[in-house]
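Numbering (the working numbering), first residue to last: 262 to 1204.
Ideal placement from N, C-alpha and C gives every residue a C-beta, glycine not left out.
Below you'll find the structure, written out as structure tokens, and then a few comments.
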């Protein structure tokens, strides 16, 4: 029975789960036997008492053993559970330690890289410093070798091309000296740009702008404005819009702008004056049409925004020899005006060594500013001085005194100390610049203008008084080919956009214009292939031959409104090149005209702009693009750059325009199939290479329309350059004297002894003549540059001679400037005229608009097809060729316009109409006249 009970227990144990968490040993021990044999033998177990006792005792022992076994197994399971939990915890801590170690490793690697980079930088700085020291030592050694008697270079000293280090140093010194000699380039700029300056002054007086333009010499440090302007108005040279003036080689010619409205004087570059001149012309053209002025930028082209408040009154240069010698020296120097080169005051200051700590490569010194004498407050107040070292401390080493006012006629007392530094590598002839600024009055500005008038009036008399060489002009007149003059050529540009049609052909896209001055917007269909066709034509013939057209591209995508104001732009988009379908076709005609046509593929999606890809959101919004291309010619050194703006509106593919005349009248729209523009190509001669060619570039005598209002004003001539050369010599001499005063103050030179006097008295005749000759050689005389400038101003050289082999000299290279001309808003005359076709076999009716100075020709469809420049043209009321063009039973009143490069014939129905047109053309150069509105277009007729 016990065996059977054990079997039953094993059965329940074997059928249960092996997991001690779900089935314990107590459960197994308390399960009764469930077999029928066990239940039936209960009575037999009771009868057998002794056997039951034995069995009970053994079962108790088994239970204790099982309990003990269960406790051991439970403890073992708990230990295993704890060990497993501890192992899991250790694994987690180990992974965290690994992550921390990896992060620490990355930090260490980054620190090592930074330390390595810092050490390399320090090594490079040390290397650069050692190289500079070696270079200075080699220069000093080269100088010593130059003066050492009997020195002969060895083969190891040759650095290339048979030159020694001393030769290279000497060549560099000579090259640097001649780079600073710029009087020929400065004189050429004055003569070449005199016409531009005169036109700007004419427009200033016609528009009642209280601004006077004049040439001036811009030297090193003149572009640096007052520090108070930087603090009060935020004006700085680094953020200036005139980078041409800042980056130009000094000295150079600039423009002095005297603004009487703000009582200030500031500087412009020649490039900035040319750019502003375009805006001035536009302002003058629209001055009497305020309804058109709202479409343009309201900025004043005659002034800057913001405008400086302080004007540079004068400058003084102090030699820094005392700083290198670490001694104290007092200075009393003249302050010269940068515009008149005359003395405006006297400044007193002192240079003292500084006891402040400084790097070993830097010299520290103090500047004690005492006072400025001779400048009255009626010329300017709020006077202050600005100190810097030109070419060394212009960037951040500028120091300024405080503003001084209420001094009347007394000296301007600064009484300030300024700490400055100078690098050891600075040249020995370095100087300290003291620039005096003030808020000037109208009296000071009038003094500047009166000096210009007086200087130009007395330049000829001063030249004769100084015994400068005199030359006279040749008796015969030189041919025009000897002059280097500007050439002007008009180019007519016509642009069309083509879209593929259902039959596979490319048809022109409609252009909707809202007014005669509106270029219109191309109505594009979304998702169609497009091409771009550009036609160029000019009437200059062989004078302006074209060889190739390249670099066609489109870019500068902008969203504009109906007034042309930019609403949105795709910044950062580069221009997209437009591949040509075929090479450009260049055709020259017998009548002197030259045509160029090119067709390119245009994929609007290549711009990556939503403005082009999506349909127009509003009718009054357009997308503006800029087309750019280059035209090459063998007469110019660089290709001519053109750029033309077009506007587009993207429509759905199924969109079509309503052709109702009522709708056209209601919306005041005109539909054409192209846009056109007029460009002026100005060919300018390159800069003169020698002073003898300066006279060929003179534009001072060229006539400017309206110059009668200038009265006594005239552009400064070559006297400005001569004054500057004299000023530089005077300043250089003063600097040498001041440096010598410091040496003499040390008492290093002993007074002359009596023996020297006896030796001088005992000179023989030969020695006396030699001394006299040396004195004559060192006597002050005009420089070679001054003599050449005077000859260029007074006389013309002989015409150029042919070469030795009989060939004609090559024409000088030219520089091309391309300018786009907008239509003038005022129409002097408009109507229908007859003009012959290109073959000259029949008359074609054209619509013509007279907009000064162009005559615009239109086809019957409204597309502009050509322009005629009436500048320097002549009108013939009865040309002889008209008899050949008369037709039977038709009377035509023919008149001709002889333009600069081509003759144009026109015919009217009667003599009265012809007289009106001739009078309108003449009136275009007499007065603006009344505006005549354009008439309605009619069908084209052939006569």
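Any chance the segment 588-603 sits against the segment 663-675, with 3 or more Cβ pairs inside 8 Å?
No contact exists between the segment 588-603 and the segment 663-675.
Who pairs with residue 848 in a beta bridge, going by DSSP?
The residue you call residue 848 lines up with position 587 of the chain shown. Per DSSP, the beta bridge partners of residue 848 are 856.
Cα-Cα, which of 816, 381 and 793 is closest to residue 862?
For the purposes of this step, residue 862 is identified with residue 601 of the chain shown, where counting begins at 1. Nearest Cα to residue 862 within the set 816, 381 and 793: 793.
Considering only DSSP beta bridges, list what residue 692 is partnered with.
In the chain shown, counting from the first residue as 1, residue 692 sits at position 431. Bridge partners of residue 692: 580.
Roughly how many whole angstroms lie between the Cα atoms of residue 749 and residue 943?
Here the question's residue 749 lines up with position 488 in the chain shown. Here the question's residue 943 lines up with position 682 in the chain shown. Their Cα atoms are separated by approximately 5 Å.
Residues that residue 746 bridges to, as DSSP identifies them:
In the chain shown, counting from the first residue as 1, residue 746 sits at position 485. According to DSSP, residue 746 bridges with nothing at all.
Identify every residue that forms a DSSP beta bridge with residue 1269.
No statement about residue 1269 is possible, as the shown extent of the chain runs from 262 to 1204 and does not include it.
Identify the continuous alpha helix (DSSP H) that holds residue 523 and give its terminal residues.
Here the question's residue 523 lines up with position 262 in the chain shown. Run containing residue 523: none; DSSP gives neither H nor E here.
Verify whether the separation of the beta carbon atoms of residue 838 and residue 814 is less than 8 Å.
The residue given as residue 838 occupies position 577 in the chain shown. The residue given as residue 814 occupies position 553 in the chain shown. Yes, they are a contact pair.
Taking 8 Å as the threshold (C-beta atoms), are residue 476 and residue 462 in contact?
For the purposes of this step, residue 462 is taken as the residue at position 201 of the chain shown. For the purposes of this step, residue 476 is taken as the residue at position 215 of the chain shown. Not closer than 8 Å, so no.
Judging by CA-CA distance, which residue of 492, 607 and 1142 is the nearest neighbour of residue 1157?
By one-based count along the chain shown, residue 1157 stands at place 896. With distances taken between Cα atoms, residue 1157 lies closest to 1142.
Contact under 8 Å by Cβ, residue 821 with residue 940
Indexing the chain shown from 1 puts residue 821 at position 560. Indexing the chain shown from 1 puts residue 940 at position 679. No, these two residues do not count as a Cβ contact at 8 Å.
With a cut-off of 8 Å on the beta carbons, I'd call residue 902 and residue 756 a contact; round off their distance for me.
Stepping through the chain shown from its first residue, residue 902 is reached at position 641. Stepping through the chain shown from its first residue, residue 756 is reached at position 495. Rounded, the Cβ-Cβ distance is 16 Å, inconsistent with contact.
Could you give the distance in angstroms between the alpha-carbon of residue 690 and the alpha-carbon of residue 996?
Here residue 690 refers to the residue found at position 429 of the chain shown. Here residue 996 refers to the residue found at position 735 of the chain shown. Residue 690 and residue 996: Cα-Cα distance of roughly 9 Å.
Can you tell me the Cα-Cα spacing of residue 430 and residue 1001, whole angstroms?
The residue you call residue 430 lines up with position 169 of the chain shown. The residue you call residue 1001 lines up with position 740 of the chain shown. When the Cα atoms are used, residue 430 and residue 1001 turn out to be separated by approximately 27 Å.
Cβ atoms of residue 630 and residue 682: under 8 Å apart, would you say?
Here the question's residue 682 lines up with position 421 in the chain shown. Here the question's residue 630 lines up with position 369 in the chain shown. Inclusion of residue 682 and residue 630 in the CB contact set at 8 Å is not warranted, their separation being larger than that value.
Beta strand (DSSP E) containing residue 645: first to last residue?
Here residue 645 is taken as the residue at index 384 of the chain shown, counted from 1. Start and end: 641-649.
Identity of the residue in 674, 650 and 716 nearest residue 606 by Cα
Counting from one through the chain shown, the residue named residue 606 turns up at place 345. Here the closest residue by C-alpha is 674.
Can you tell me which of the three DSSP states residue 372 falls into?
For this step, residue 372 is matched to residue 111 along the chain shown. If DSSP states are grouped into helix, strand and coil, residue 372 belongs with the helices.
Any C-beta of chain D under 8 Å from that of residue 375
In summary, chain D is missing from the structure at hand, where a single protein chain is found.
Could you tell me the boundaries of the alpha helix (DSSP H) in which residue 1108 lies?
If you number the chain shown from 1, residue 1108 lands on position 847. First-last for residue 1108: 1104-1112, but that is the beta strand (DSSP E), not the alpha helix (DSSP H).
With DSSP run on the structure shown, which of helix, strand or coil describes residue 1119?
Counted from its first residue, the chain shown places residue 1119 at position 858. DSSP places residue 1119 within a strand segment (E or B) once states are collapsed to three.
3-residue-minimum beta strand (DSSP E) runs that sit fully inside the segment 873-924, ordered along the chain
Within the segment 873-924, the complete beta strand (DSSP E) runs of at least 3 residues fall at 883-893 and 901-912.
Taking buried to mean at least 16 other C-beta atoms within 10 Å of its own C-beta, is residue 1030 buried or exposed?
To locate residue 1030, count along the chain shown from 1; it is residue 769. When all chains shown are included, residue 1030 counts as exposed.
What did DSSP end up calling residue 481 once you bin it into helix, strand or coil?
Along the chain shown, one-based indexing puts residue 481 at 220. Note: residue 481 maps to coil in three-state DSSP.
Residue 1174 to residue 1100 span [Cα, whole Å]:
Reading the chain shown from its first residue, position 913 is the one you call residue 1174. Reading the chain shown from its first residue, position 839 is the one you call residue 1100. Their backbone Cα atoms lie some 26 Å apart in a straight line.
According to DSSP, is residue 760 helix, strand or coil?
Counting from one through the chain shown, the residue named residue 760 turns up at place 499. If DSSP states are grouped into helix, strand and coil, residue 760 belongs with the strands.
I believe residue 570 touches residue 493 by the beta-carbon criterion, under 8 Å. Please report the beta-carbon distance rounded to the nearest angstrom.
One-based indexing of the chain shown puts residue 570 at position 309. One-based indexing of the chain shown puts residue 493 at position 232. Their Cβ separation, rounded to whole angstroms, is 7 Å, which keeps residue 570 and residue 493 in contact under 8 Å.
Using the DSSP secondary-structure output, state which residues sit across from residue 753 in a beta bridge.
The count along the chain shown starts at 1 and reaches residue 753 at position 492. 798 and 939, per the DSSP bridge assignment.
Here's the rule I'm using: 16 or more other beta-carbon atoms within 10 Å means buried, otherwise exposed. How should residue 459 be labelled?
Within the chain shown, numbered from 1, the residue matching residue 459 stands at position 198. Around the beta carbon of residue 459, 16 or more other beta carbons sit within 10 angstroms, so the residue counts as buried.
Please classify residue 536: does DSSP put it in a helix, a strand, or coil?
Position 275 of the chain shown holds residue 536. The DSSP-derived three-state label of residue 536 is helix.
Return the residue from the list 488, 747 and 1127 that minimises the CA-CA distance to residue 645.
One-based indexing of the chain shown puts residue 645 at position 384. Per the Cα distances, 488.
Length of the line joining the Cα atoms of residue 517 and residue 1107
As a working note, residue 517 is residue 256 in the chain shown. As a working note, residue 1107 is residue 846 in the chain shown. Using only the alpha carbons, I get a separation of about 49 Å.
Short of 6 Å in beta carbon distance, which residues of its chain neighbour residue 856, apart from the five on each side in sequence? Order them along the chain.
As a first step, residue 856 is located in the chain shown; it is residue number 595 there, counting from the start. The answer, listed in chain order, is 798 and 848.
From residue 712 to residue 455, what distance separates their C-alpha atoms?
One-based indexing of the chain shown puts residue 712 at position 451. One-based indexing of the chain shown puts residue 455 at position 194. Their Cα atoms are separated by approximately 19 Å.
Please report how far the alpha carbon of residue 864 lies from the alpha carbon of residue 788, in whole angstroms.
Position 603 of the chain shown, counted from the start, is the residue given in the question as residue 864. Position 527 of the chain shown, counted from the start, is the residue given in the question as residue 788. Distance between the alpha carbons of residue 864 and residue 788 is about 10 Å.
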